[in-house]
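Have a look at the structure below, then the notes.
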Amino acid sequence: MGVTGSRHNAAYACMRLLIVGVFQNPSDGMTECSLVTFDLFQRTSSATLHLEHPVKPSGKAVSYSEQDLPEFTPMPWSLAEIRAAIPPHLFVRDGMRCTAYLARDVLMGAIAWKLALRIDPFFRGQLAVAHLGTVAAEVARWATWLVYWWFQGLIFTGIWVIGHECGHGAFSANRYLCDVVGFITHTLLWTPYFSWKISHHRHHCNHASMERDEVYVPKTRSDLGIPPESEGSTIDYDEYFGDTPIYTLFMLVRQQLLAFPAYLIYNVSGQKDYPKWTNHFDPNSILFNKSQRNVVIASNIGIAAMIALVRWACATWGASEVVKYYGIPWLCVTHWFIMITYLHHTDPELPHYRNREWNFQRGAAATVDRDFLGWMGRFFLHDVAHFHVVHHFFPKMPFFHGPEATAHLKKFIGDYYRYSEKPIFKALWDNYNECQFVEDTGDILFYRNKKGQAVARPAGPYRSTAVAPTPSA
Numbered sequence: 001m002g003v004t005g006s007r008h009n010a011a012y013a014c015m016r017l018l019i020v021g022v023f024q025n026p027s028d029g030m031t032e033c034s035l036v037t038f039d040l041f042q043r044t045s046s047a048t049l050h051l052e053h054p055v056k057p058s059g060k061a062v063s064y065s066e067q068d069l070p071e072f073t074p075m076p077w078s079l080a081e082i083r084a085a086i087p088p089h090l091f092v093r094d095g096m097r098c099t100a101y102l103a104r105d106v107l108m109g110a111i112a113w114k115l116a117l118r119i120d121p122f123f124r125g126q127l128a129v130a131h132l133g134t135v136a137a138e139v140a141r142w143a144t145w146l147v148y149w150w151f152q153g154l155i156f157t158g159i160w161v162i163g164h165e166c167g168h169g170a171f172s173a174n175r176y177l178c179d180v181v182g183f184i185t186h187t188l189l190w191t192p193y194f195s196w197k198i199s200h201h202r203h204h205c206n207h208a209s210m211e212r213d214e215v216y217v218p219k220t221r222s223d224l225g226i227p228p229e230s231e232g233s234t235i236d237y238d239e240y241f242g243d244t245p246i247y248t249l250f251m252l253v254r255q256q257l258l259a260f261p262a263y264l265i266y267n268v269s270g271q272k273d274y275p276k277w278t279n280h281f282d283p284n285s286i287l288f289n290k291s292q293r294n295v296v297i298a299s300n301i302g303i304a305a306m307i308a309l310v311r312w313a314c315a316t317w318g319a320s321e322v323v324k325y326y327g328i329p330w331l332c333v334t335h336w337f338i339m340i341t342y343l344h345h346t347d348p349e350l351p352h353y354r355n356r357e358w359n360f361q362r363g364a365a366a367t368v369d370r371d372f373l374g375w376m377g378r379f380f381l382h383d384v385a386h387f388h389v390v391h392h393f394f395p396k397m398p399f400f401h402g403p404e405a406t407a408h409l410k411k412f413i414g415d416y417y418r419y420s421e422k423p424i425f426k427a428l429w430d431n432y433n434e435c436q437f438v439e440d441t442g443d444i445l446f447y448r449n450k451k452g453q454a455v456a457r458p459a460g461p462y463r464s465t466a467v468a469p470t471p472s473a
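Its first residue numbered 1, the sequence shown is counted upward by one per residue in the UniProt record's numbering.
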């Protein structure tokens, strides 16, 4: 399942980005994830992220046996070898080009807003009611609002993605321009720019590490209170995962709408070893060092200014108007952001690593590109979901080089590059049900589903001595 040149036409060549970033600002007290900083970038073994046999969803099998699972070994190349496979011109940043994309997004958002101002007057006017009837006109009015919320939500998300690009330093070679643009775009969308940038940098530097990653850290068997498998024993997993589909749907919707604010406010899905109420707004949080406290305060001032601005707008035009034109599109941003990042980092086929087997390039490869909303994802979201893998290898690479760089990356790493064409809402539902926990032991881990089953296992030298689940129908 590769990325073909015909799908990367020039009309959309400027979209890729990703919702997770590396921010290399010395003034923020951070260092670049580089060959110098991480000696783990060097070759650590002769293995690479590889499945000896195609993965088949465990739920489709007639019977399940751990011994029948395809074996998985980690990756042989250093980051320097992988980087050498990417043409140098793809790392060149172009602030003017990125600014043009931002201007395009802002213009589209303004046009959508101006058109939305006409929705209620038109469909409640005499002409529409006379031709459509009262009920049909009202249905058409709500349908048009849905269209506005859909597209304005995508436009807002695209603007957020540009801000994320700024956090990586990929928007421009000028660090100050990146920070000014990123601060404005993220603050307008309720994201504390510098605070999130700092934690996101750490996510990129430690992606797929059980001990050090910042977000989407899997729960373990013991976290959920599930006893370990033992020889000849059988665990009734329904006792732990016997939720009805309607309850599962409710929890999934809750995740989509609230997970990002919850992560910012109290570290939901982050490192469990952090103190309770770790958050992105406390300058003294474990997330930040002393040299970063001033920029965290600056981010808080930006959010406080947004609170004041929204209160003023509600007092001037009414809360319902603010919700219609701004609030619901912003809620769409949180949904798309969580959906994109969740599907990038949560999948039964993606490994997580403990200390001994983790290194930067293995973590970077532990993600997946997706055909996210087709042309709309490529155009409005700047290819953030389509070319995420290469972004994890080289986060300072401009998003508009993602398609070409991905072709080179795939050619070099072959089967270790992952791409999914599964419809994204089906993938969201499937992964939410399939990715429940990982084992307490072992250095290479795969998610297990609600039956305690995985779709792959580490190859022999990397395998835990823990007892595998008993074969079952």
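All residues carry an ideal CB built from backbone N, CA and C; glycine is no exception.
| request: Confirm, please, whether the CB-CB distance from glutamate 211 to histidine 203 is below 9 Å. | output: Not closer than 9 Å, so no.
| field | Own chain, CB closer than 7 Å to alanine 112, minus 5 neighbours either side, in chain order | value | Taken in chain order, the residues that qualify are Tyr148, Phe151, Gln152, Ile155.
| field | Backbone CA spacing between serine 199 and aspartate 273 [nearest angstrom] | value | 15 Å
| Proximal residues to proline 458 (C-beta, below 6 Å), its chain only, five neighbours per side dropped | Contacts found: Phe72, Ile444.
| task | Indicate whether phenylalanine 437 and isoleucine 265 have their beta-carbon atoms separated by less than 9 Å. | result | no
| Unbroken beta strand (DSSP E) run spanning glutamate 71, endpoints | 71–75
| As assigned by DSSP and simplified to three states, the class of isoleucine 340 | helix
| Collapsed DSSP secondary structure at leucine 445 in the structure displayed | strand
| Touching or not, the stretch 92–101 and the stretch 392–404, by the rule of three or more beta carbon pairs under 8 Å? | A contact is defined here as three or more CB-CB pairs under 8 Å, and the stretch 92–101 meets this definition with respect to the stretch 392–404.
| Residue of Gly460, Pro461, Gly452 minimising C-alpha distance to tyrosine 237 | Gly452
| task | Take the Cβ of tyrosine 176 as the centre, count every other Cβ of all protein chains shown within 10 Å, and call the residue buried at 16 or more, exposed below. | result | exposed
| said: Quick check: the Cα distance between glycine 442 and alanine 364, rounded to an integer number of angstroms? | reply: 20 Å
| request: In the DSSP assignment, find the alpha helix (DSSP H) that holds tyrosine 266 and state where it starts and stops. | output: 245–266
| Where the alpha helix (DSSP H) through threonine 99 begins and ends | From DSSP, the alpha helix (DSSP H) with threonine 99 extends over 95–116.
| How far does the alpha helix (DSSP H) with lysine 197 in it reach, from first residue to last? | Unbroken alpha helix (DSSP H) run through lysine 197: 193–205.
| query | Which two residues bound the contiguous alpha helix (DSSP H) that contains serine 299? | reply | 293–317
| said: The alpha helix (DSSP H) that contains threonine 157, what's its start and end? | reply: 134–168
| Excluding five sequence neighbours on each side, which residues of the same chain lie with their C-beta closer than 6 Å to the C-beta of glutamate 434? | Pro348, Asn449
| query | So is serine 34 buried or exposed if we call it buried at 16+ other beta carbons inside 10 Å? | reply | Caution is warranted here: a pLDDT of 44 is assigned to serine 34, below 50, making its placement in the model unreliable, and no coordinate value can be reported.
| field | Opposing strand residues paired with valine 438 [DSSP bridges] | value | Thr220
| task | If I'm right that phenylalanine 372 touches isoleucine 424 with Cβ under 8 Å, what's the distance once you round it to whole angstroms? | result | Their Cβ separation, rounded to whole angstroms, is 5 Å, which keeps phenylalanine 372 and isoleucine 424 in contact under 8 Å.
| Proximity winner among Ser420, Ile246, Tyr353, Asn267, relative to arginine 362 (alpha-carbon distances) | Among Ser420, Ile246, Tyr353, Asn267, the Cα nearest to that of arginine 362 is on Tyr353.
| For aspartate 369, the three-state DSSP class (helix, strand or coil) | strand
| said: Tell me the rounded alpha-carbon separation between leucine 79 and threonine 406. | reply: 15 Å
| task | Output the distance between the C-alpha atoms of lysine 410 and proline 74, rounded to the nearest integer angstrom. | result | 16 Å
| Cutoff 7 Å; reference leucine 343; Cβ partners in own chain excluding five residues on either side | Arg370, Ile424, Ala427, Leu428, Asn431
| tyrosine 193 and glycine 167 closer than 9 Å at C-beta | yes
| query | Looking only at C-alpha atoms, which of Val323, Gly414, Glu421 sits nearest to glycine 374? | reply | Glu421
| request: Measure the CB-CB distance between serine 195 and phenylalanine 260 and report whether it falls below 9 Å. | output: no
| query | Looking at the structure shown, is histidine 352 part of a helix, part of a strand, or coil, going by DSSP? | reply | Histidine 352: strand per DSSP, three-state reduction.
| query | So is isoleucine 286 buried or exposed if we call it buried at 16+ other beta carbons inside 10 Å? | reply | Burial call: exposed.
| said: Does glutamate 239 pass the burial test, meaning 16 or more other C-beta atoms within 10 Å, or should it be called exposed? | reply: exposed
| Other residues of its chain near histidine 408: CB distance less than 6 Å, five sequence neighbours each side excluded | Ala85, Ile86
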